[in-house]
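Residue numbers (our numbering): 16 to 308.
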Ligand SMILES: [Zn+2]
Ligand SMILES: [Zn+2]
């Protein structure tokens, strides 16, 4: 019963939260930051496009715009937030059976706020880099990740074009390591917005040479090769999310030449569904089909 209560309360809380976000623009409002950051990068794409042959409203622009809001807000609204709260409670109760009351291993809540934010940003990005590699290496996960790689014309909105299962995979894997660090701050807005802006930047159809900073930050000229159709490695290259440094450290970086004219996607793209309703159930359907065959 306790879990059902948590589910209903969380569902209502989140619905109220989204309603509030839409109706009250303010500085801590994710929805309006998402819109603002998107307009900023779209304006750059329109004024200084890198891949000049792409139409201004590129292929799948509106589909990706939908994904952007779906993955940022709606998926949580339809129950992810509620489900995850229930699972966190279940997990904590499970740990309590073994007498574990607290996962915190390192107390960093006494550190200055900037140091906590920086640690959160770097640690989370490194976890995400590893999860991203898993999405490429584990065949069942790659089926879901194909949604992100089905982009054929690159643009800022492709950043949040991904299968909803990715949200579950990322959140589940990051949960324990992040819970082990006792953050003293509840407000991760800055870290989220910074990651959102870099993610939009990486997918933008613009050319911005970063100089030596390219060894630290991901960028459009590096990430285009992550989406390139023809690469030497079957399991992918340039897995960086916000930071490129992990790819340089672990030797998974690959920028053989200017990638402006590289075709994007993966082999047998023609078999990949182009409609949203088919993409939402993609990774599951395929497995079923294989068993039938
Ligand atoms: Zn990928
Ligand atoms: Zn991408």
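Heads up, the beta-carbon is just placed ideally off N, CA and C, and yes, glycines get one too.
Given the structure is predicted, the values throughout are model-derived calculations rather than measurements.
Asked: Close-in-space but distant-in-sequence residues of the same chain around residue 146 (CB under 7 angstroms, 5 per side omitted); Found: 184, 185, 188
Asked: Buried or exposed by the 16-neighbour rule on C-beta atoms within 10 Å, applied to residue 256; Found: buried
Asked: Backbone CA spacing between residue 66 and residue 131 [nearest angstrom]; Found: 39 angstroms
Asked: Option in 177, 104, 63, 119 with minimal Cα separation from residue 90; Found: 177
Asked: Alpha carbon of residue 195 to alpha carbon of residue 133, nearest angstrom; Found: 16 angstroms
Asked: Cα-Cα separation between residue 275 and residue 246, rounded to whole angstroms; Found: 14 angstroms
Asked: Close-in-space but distant-in-sequence residues of the same chain around residue 223 (CB under 7 angstroms, 5 per side omitted); Found: 234, 235
Asked: Where residue 63 falls, given that 16 or more other Cβ within 10 Å makes a residue buried; Found: exposed
Asked: Backbone secondary structure at residue 109 - three-state DSSP; Found: helix
Asked: Contact check, residue 260 vs residue 230, beta carbons under 8 angstroms; Found: yes
Asked: Beta carbon of residue 18 nearer than 8 angstroms to that of residue 105; Found: yes
Asked: Burial state of residue 159, where buried means 16 or more other Cβ atoms lie within 10 Å; Found: buried
Asked: Whole-angstrom C-beta distance between residue 161 and residue 81, which should lie under 8 angstroms; Found: With a Cβ gap of about 18 angstroms, residue 81 and residue 161 do not count as contacting.
Asked: Length of the line joining the Cα atoms of residue 143 and residue 258; Found: 10 angstroms
Asked: Simplified DSSP state of residue 188, which is helix, strand or coil; Found: helix
Asked: Rounded C-alpha distance that separates residue 46 from residue 265; Found: 35 angstroms
Asked: Whole-angstrom distance between residue 154 and residue 20, CA atom to CA atom; Found: 37 angstroms
Asked: Ligand 1 heavy atom lying under 7 angstroms from the CB of residue 268; Found: no
Asked: Residues near residue 251 by beta carbon distance below 6 angstroms, same chain, minus five either side; Found: 151
Asked: Boundaries of the alpha helix (DSSP H) in which residue 217 is found, first to last residue; Found: 204-218
Asked: For residue 219 and residue 125, the rounded distance between their alpha carbons; Found: 38 angstroms
Asked: In DSSP terms, what residue 258 is bridged to; Found: 232
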